[in-house]
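K.L.:
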DNA sequence: CATGCGAGTTCACTGACTGAACCACTGCTG
DNA sequence: CAGCAGTGGTTCAGTCAGTGAACTCGCATG
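In structure tokens form, the structure reads like this:
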């Protein structure tokens, strides 16, 4: 858990990455940060993660330079992805693609589009309409055909992230 | 650990994927399978993973259809990636890319090439020489500029996987 | 001053991981 | 055919990390 090597293989960048984001909950926290979640309480309610674990993960991610911790405009604390954190998008996307392919028979659970022209993104993150590799802030996520509305979450945070929205745009308090 | 949801969010393919490959050690086992490791003992010695954990992970991955378990030609048991398992390559590659980018200042630890023409692969898996998206069995992995020979591993399995080789090609006993 | 809220911390409990030792089966080998 | 080594596990006690509920702290508001 602490910095000094949790995995032995010093020559493997996969192992090195997993030391940072490979623990339980960590990538879901990062995913929520992409979805615009910034507040401690919002992470906690949406993920139903024990607060002690959340506190530890957030501290570690800040220490690793994946998130920043600042006092937000509204007075509370805000956690946001750094540039290094945003670079985790291909990782998140690859994992989502695999889950959609093998565990979502009725189609992707969340569709990913280029917000400028509405084009779907392929597996490499390229817009099928304009052909460009879409930068993360221009990506829109919305429920796809495999999305199950019966399970869309009753808390306001889940409702917000299940509404079509751009990545990184902050979810707004009710 | 068992199948019934370890994460709450039923509408997230990321969570679903992490239920399969998100536990400690699991992706390193898969990585080794890409590198041609097939035998129980070889996984154990290269990863220095407790044998009980390895046994549990292998059983689970077989159950999930990521690996197959067969009696090999040489008489022992062989674990191999299924087509579904091979589809995890983009995940492994994305994680390695991020680790190389942020934790390997002197360059990638392992270079990934198209074995047919020697072209380097970009982040989307496309060959810079011939321009095609390279299928996994045609990918060659070799030590890159960030590779540290002082730490290249003394056991025969590590030596084998630190030698340039095609993915999925079985490592041969000494 | 009471109330409430956000952001954590504390704590007892449980479950998972660790490492070492042990077991079972196979195929030799003398 | 007894002994032995190799492979593929299982068992077990000790430790460590995750869980969930309750609690604390600081700050703003009424």
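Chains as they are written, first to last, in the numbering used here: chain C, 7 to 180; chain D, 7 to 180. Just so you know, even glycine gets a beta-carbon here, dropped at the ideal spot from N, CA and C.
(1) Which same chain residues end up closer than 8 Å to residue 37 (chain C) when comparing Cβ atoms and leaving out the 5 residues on each side of it in sequence?
(2) Please tell me whether residue 130 (chain C) has its Cβ less than 7 Å away from any Cβ of chain D.
(3) Straight-line CA distance for residue 114 (chain C) to residue 142 (chain C)?
(4) Going by CA-CA distance only, name the one from D:80, D:169, D:15 and D:144 that's closest to residue 155 (chain D).
(5) Show which residues of chain D have a CB atom less than 8 Å away from the CB atom of residue 23 (chain C).
(6) For residue 172 (chain D), which three-state DSSP category applies?
(7) Taking Cβ-Cβ distances shorter than 8 Å, what residues in chain C pair up with residue 20 (chain D)?
(8) Determine the DSSP secondary structure at residue 64 (chain C), reduced to helix, strand or coil.
(9) Using a beta-carbon distance below 7 Å, is residue 61 (chain C) in contact with chain D?
(10) Start and end of the alpha helix (DSSP H) containing residue 25 (chain C)?
(11) Should residue 122 (chain D) be labelled buried (16 or more other beta-carbon atoms within 10 Å of its own) or exposed?
(12) At least one CB of chain D closer than 7 Å to the CB of residue 119 (chain C): is that the case?
(13) Are the CB atoms of residue 47 (chain D) and residue 73 (chain D) within a distance shorter than 7 Å?
(14) So residue 4 (chain C) contacts chain D; which residues on that side make the cut at Cβ distance below 7 Å?
(15) Judging by CA-CA distance, which residue of D:108, D:21, D:30 and D:85 is the nearest neighbour of residue 44 (chain D)?
(16) Nearest to residue 197 (chain D) by CA position, among D:145, D:159, D:157 and D:110, is which residue?
P.N.:
Let me lay it out:
(1) 98
(2) yes
(3) 19 Å
(4) D:169
(5) 101, 102, 104, 105 and 109
(6) strand
(7) 33, 34, 37, 98, 101, 102 and 105
(8) helix
(9) no
(10) 19-27
(11) exposed
(12) no
(13) no
(14) Lying outside 7 to 180, the shown extent of chain C, residue 4 (chain C) is not represented and no answer is given.
(15) D:85
(16) Outside the shown range of chain D (7 to 180) lies residue 197 (chain D), about which nothing can therefore be said.
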